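Step one of this worksheet: look at the structure below.
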Amino acid sequence: MKILGIDDNVDITELLSMTLTAMGHEFSFANSGKEGIKLICEKKHDAVLLDLAMPTFSGFDVLRELETIGNLADYNIILFTASSISDTEINEFIEKGVRGIIRKPIEVNHLEKEITKLVS
């Protein structure tokens with residue numbers, strides 16, 4: 189799979205790169221929401237791993253922008269968050285087409301499980 193990670197935290201993108209490459213996936217990343225939108229529009233990705241809390245142009249902004257372009261379900265988005273999100277908010281994201289949510293700190297087993305769900 190071609191997977192795009194969008195996260196402003198270099199440690200997270202390095203963890204994602206090591207984990208996903210070891211799983212046999214092609215991984216690229218963007219360090220900001222705006223850069224992520226640009227990469228999504230330039231190249232087809234099989235999945236997008238998106239951090240919600242980024243400065244300037246957050247994951248929420250990315251989701252809103254992608255909704256204007258097309259259906260969120262088409263992007264196979266898995267959200268990352270360190271903040272507490274209510275079950276109601278999680279359900280709203282899922283209803284809009286987000287494929288999964290992973291809470292930080294990221295557990296590699298959980299990440300692998302979510303990616304495997306996308307593949308199957």
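Going by the working numbering, the first residue of the sequence shown is number 189, and it counts up by one from there.
Glycine included, C-beta positions come from ideal geometry on N, C-alpha and C.
The structure displayed is predicted, hence computed values, not measured ones.
Using 8 angstroms for Cβ pairs, my map puts residue i next to residue j. What's the rounded Cβ distance?
| i | j | result |
| --- | --- | --- |
| I289 | I278 | 6 angstroms |
| H233 | L192 | 4 angstroms |
| S274 | A241 | That belief does not hold up - the Cβ atoms of S274 and A241 are roughly 15 angstroms apart, past 8 angstroms. |
What is the DSSP secondary structure of residue i, counted as helix, strand or coil?
| i | result |
| --- | --- |
| S205 | helix |
| K309 | Nothing can be reported for residue 309, as the shown portion of the chain is limited to 189 through 308. |
| D199 | helix |
How far does the alpha helix (DSSP H) with residue i in it reach, from first residue to last?
| i | result |
| --- | --- |
| I303 | V296 to V307 |
Let's see if you can read the secondary structure: which residues bound the beta strand (DSSP E) around residue i?
| i | result |
| --- | --- |
| R291 | G288 to R291 |
What number of angstroms, rounded off, separates the C-alpha of residue i from the C-alpha of residue j?
| i | j | result |
| --- | --- | --- |
| V307 | T244 | 32 angstroms |
| D196 | I225 | 14 angstroms |
| I294 | E300 | 10 angstroms |
| I194 | K222 | 9 angstroms |
| F217 | E230 | 13 angstroms |
Where in the segment 201-284 do unbroken runs of the alpha helix (DSSP H), each at least 4 residues long, occur, reported from the N-terminal end onward? 221-230, 247-257 and 275-284
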